[in-house]
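Asks:
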Amino acid sequence: MYPILFSIYKITVHSYYVLWTVALVTAFLWTQKRAVNQYGVESSKMHVLLFVVAIGIVIGACVGMIVHVGPTVIRNDSLRVFRFWEGGMSSFYSFFGGSFFALAYIFFFKLSLWRVAESASLPSAALIAIGRWGCFMNGCCAGIETTLPWGTRFPIDPQQLTRHPTQLYYSFGALLILIMLQEVEKRIGRGERKLRVALLWPLFLILFGLLRILVDPLRIDWLLLGEEASHRGSLIMILVGSIWLVISYINFRRLSD
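Anchor point for the sequence shown: position 213 equals 354 in my numbering, and the numbering is continuous, going up by one each time.
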């Protein structure tokens with residue numbers, strides 16, 4: 142693993158930051174392109190929306206850090222909240238933070254929710270698929286001990302056990318979700334399709350929630366810290382996605398009559 146890519150004088154470049162930054166930029170640019178070119182959302186409003194989402198993601202990540210490492214640690218070392226590569230960042234808090242800020246902006250400025258949501262569905266899967274490689278190279282979010290042939294030893298592990306590369310399970314799982322959503326989009330169309338309700342985004346919520354439920358119990362922090370709380374977050378995502386699908390179906394039938 143390569144937690145540090147290189148250092149220039151006193152500046153250390155961490156692989157975690159680089160890959161998650163690449164993932165975020167890729168997802169944001171792709172969402173912008175899809176929203177404007179394929180779903181007919183106004184470009185200037187999308188620029189502001191993505192900026193607002195970025196703020197929400199950062200705030201969510203910081204809140205998650207405080208919850209995971211504890212307020213006492215943060216009081217003693219306030220900069221710890223920004224050192225994500227040392228562990229403690231929660232993708233759930235980041236996701237919910239970004240989603241909350243996005244919904245607030247969408248409803249306040251009366252954007253089309255289904256168009257924005259569909260625009261962000263595939264890029265969100267790509268975000269996870271790319272970003273989790275940053276976790277893998279950093280060695281955080283590692284799994285419990287395994288005898289499987291693809292088990293990995295992480296340099297930061299003091300026991301040097303062969304562990305599940307759960308980071309890659311998330312990554313390849315997200316890639317599979319991306320492929321599935323892309324196939325669904327090919328069948329139903331994009332902005333000018335007949336089915337003018339959200340379908341891809343609710344499917345993403347359900348599939349990603351299922352992925353987390355399958356992979357999370359293999360993580361070492363699940364075993365040591367009792368991270369069953371992440372299952373609650375996954376179940377919330379599945380529930381929201383399922384309800385959203387039902388509402389989309391009802392709205393589609395109503396619009397078709």
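Ideal Cβ placement from N, Cα and C applies to all residues, glycine included.
1. In the DSSP output, what is I269 paired with across the bridge?
2. Taking S265 as the reference, give the member of G239, F393, K151 with the closest Cα.
3. Take L319 and list the residues in its own chain whose beta-carbon comes closer than 8 Å to its own, dropping the five residues that flank it on each side.
4. Over what stretch of residues does the beta strand (DSSP E) that includes I354 continue unbroken?
5. Verify whether the separation of the beta carbon atoms of I347 and G382 is less than 7 Å.
6. Quick check on the burial criterion: 16 or more other C-beta atoms within 10 angstroms. Buried or exposed for T293?
7. Measuring alpha carbon to alpha carbon, tell me which residue in C281, T303, Y158, P296 is nearest T126.
8. Please tell me whether M321 and Y143 are closer than 7 Å, where the distance is taken between their beta carbons.
9. Does DSSP classify F248 as helix, strand or coil?
10. Assuming contact is defined by CB atoms lying nearer than 7 Å, are G330 and H305 in contact in what I supplied?
11. CA-CA distance, G350 and I379?
12. Assuming Y246 contacts V193 under a Cβ cut-off of 8 Å, what Cβ separation, rounded to an integer in Å, is found between them?
13. Comparing the CB of S185 with every heavy atom of the ligand HEM, is any distance shorter than 6 Å?
14. Considering just the uninterrupted stretch of the beta strand (DSSP E) at L146, what are its terminal residues?
15. Consult DSSP for H305 and reduce its assignment to one of helix, strand or coil.
16. Just the Cα atoms here: how many angstroms apart are V325 and S253?
17. Nearest to A195 by CA position, among E183, V177, A243, is which residue?
18. Would you check if the distance between the CB atom of A176 and the CB atom of S260 is smaller than 7 Å?
19. Here's the rule I'm using: 16 or more other beta-carbon atoms within 10 Å means buried, otherwise exposed. How should H155 be labelled?
20. What residues in its chain sit with their C-beta under 8 Å from that of S148, if we drop five residues either side in the sequence?
21. State yes or no: is the C-beta of W274 within less than 7 Å of the C-beta of S312?
22. Among the candidates T307, L386, C281, R353, whose CA atom is the shortest distance from the CA of I342?
23. Just list the residues that DSSP pairs G330 with in beta bridges.
24. When you compare each of F345, R373, H188 to D357 by their alpha carbons, which one comes out closest?
25. Taking the Cβ atom as the reference point for each residue, do F295 and G272 lie within a distance shorter than 7 Å?
26. Does DSSP put E183 in a helix, a strand or coil?
27. Using the three-state DSSP reduction, which class does G292 fall into: helix, strand or coil?
Replies: Looking at the atomic coordinates:
1. In the DSSP output, where bridge partners are listed per residue, I269 has none listed.
2. G239
3. L263, A266, A267, A270
4. Here I354 belongs to no beta strand (DSSP E); instead the alpha helix (DSSP H) covers 341 to 356.
5. yes
6. buried
7. Not covered by the structure: residue 126. The range shown for the chain is 142 to 398.
8. no
9. helix
10. No, the pair does not count as a contact, with Cβ atoms beyond the cut-off.
11. 6 Å
12. 5 Å
13. This structure lacks the ligand HEM, and indeed carries no ligand of any kind.
14. 145 to 149
15. coil
16. 21 Å
17. A243
18. Yes, the Cβ-Cβ distance between A176 and S260 is below 7 Å.
19. buried
20. V154
21. yes
22. Reading off the sequence, residue 342 comes out as Trp, not Ile. The option with the nearest alpha carbon to W342 is L386.
23. Paired residues: none, contrary to the question.
24. The shortest C-alpha separation from D357 is found at R373.
25. no
26. E183: coil per DSSP, three-state reduction.
27. coil
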